[in-house]
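Q: Everything in the sequence shown is counted per the numbering used here, starting at 2 for the first residue and increasing by one.
Backbone N, C-alpha and C fix where the C-beta goes; we use that ideal spot for every residue, glycine too.
A quick note: this is a predicted structure, and the numbers were derived from the prediction, not measured.
Here it is: the structure, laid out below.
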Amino acid sequence: IESSKGEGETRRALVGSSRPPTMAALIQRLSRFFINKKLLCGLLEEEMDLEQVDVRVKEECVVLHNVRLRPDALNALLPADSPAQLRSVQVGRLQLQVPSLS
Numbered sequence: 002i003e004s005s006k007g008e009g010e011t012r013r014a015l016v017g018s019s020r021p022p023t024m025a026a027l028i029q030r031l032s033r034f035f036i037n038k039k040l041l042c043g044l045l046e047e048e049m050d051l052e053q054v055d056v057r058v059k060e061e062c063v064v065l066h067n068v069r070l071r072p073d074a075l076n077a078l079l080p081a082d083s084p085a086q087l088r089s090v091q092v093g094r095l096q097l098q099v100p101s102l103s
């Protein structure tokens, strides 16, 4: 991409914002990526939006809101002789504790 703008302005234009993202926004985006691609991979019915992820650094947790999970993936975790089978799964609030790195 060629631009007559300065390097910082070009970077901001690429992400669609006139201000650089805050550290909290970067942590939230990274958390969303990690959850979608690694942690709940295969369980999520659809990828989560940024609005669904609440990173609470001081509490060392990530709270997910209105998450739809794949019933077939969860049914596979049930015992083969289970009388219950899930047809639809939506979790209103899911809190994941993140161990401290210190």
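Give me the Cα-Cα distance between VAL90 and ASP73, rounded to the nearest whole angstrom.
A: The count along the sequence shown starts at 1 and reaches residue 90 at position 89. The count along the sequence shown starts at 1 and reaches residue 73 at position 72. Straight-line Cα distance between these residues: approximately 10 Å.
Q: Put ALA14 into one of helix, strand or coil per three-state DSSP.
A: Reading the sequence shown from its first residue, position 13 is the one you call residue 14. Because the pLDDT at ALA14 is just 42, under 50, the model does not fix this residue reliably, and the value given afterwards should be weighed accordingly. Looking at ALA14 - three-state DSSP - the assignment turns out to be helix.
Q: Looking only at DSSP bridge pairs, what is ARG69 linked to?
A: Numbered from 1 along the sequence shown, position 68 holds the residue referred to as residue 69. The partner list for ARG69 (beta bridge, DSSP) reads GLN91.
Q: Please classify GLN53: does DSSP put it in a helix, a strand, or coil?
A: As a first step, residue 53 is located in the sequence shown; it is residue number 52 there, counting from the start. It is helical.
Q: Which one of LYS38, ARG57, LEU44 has the shortest CA to CA distance from ARG69?
A: The residue you call residue 69 lines up with position 68 of the sequence shown. Answer by Cα proximity: LEU44.
Q: Is DSSP giving LEU78 helix, strand or coil here?
A: In the sequence shown, the residue the question calls residue 78 occupies position 77. Here LEU78 sits in coil by DSSP.
Q: With three or more beta-carbon pairs closer than 8 Å as the criterion, would you say the segment 48 to 60 touches the segment 78 to 92?
A: Flag = no, the segment 48 to 60 and the segment 78 to 92 do not touch.
Q: If you draw a straight line from the alpha carbon of VAL56 to that of LEU79, how long is it in whole angstroms?
A: Along the sequence shown, read from residue 1 onward, the residue named residue 56 stands at position 55. Along the sequence shown, read from residue 1 onward, the residue named residue 79 stands at position 78. Cα to Cα, VAL56 sits roughly 30 Å from LEU79.
Q: Nearest-angstrom Cα distance between GLU8 and HIS66?
A: In the sequence shown, counting from the first residue as 1, residue 8 sits at position 7. In the sequence shown, counting from the first residue as 1, residue 66 sits at position 65. Confidence is the limiting factor: at GLU8 the pLDDT is only 44, short of 50, which leaves the residue's position unreliable, though a coordinate-based value still follows. Cα to Cα, the separation comes out at about 36 Å.
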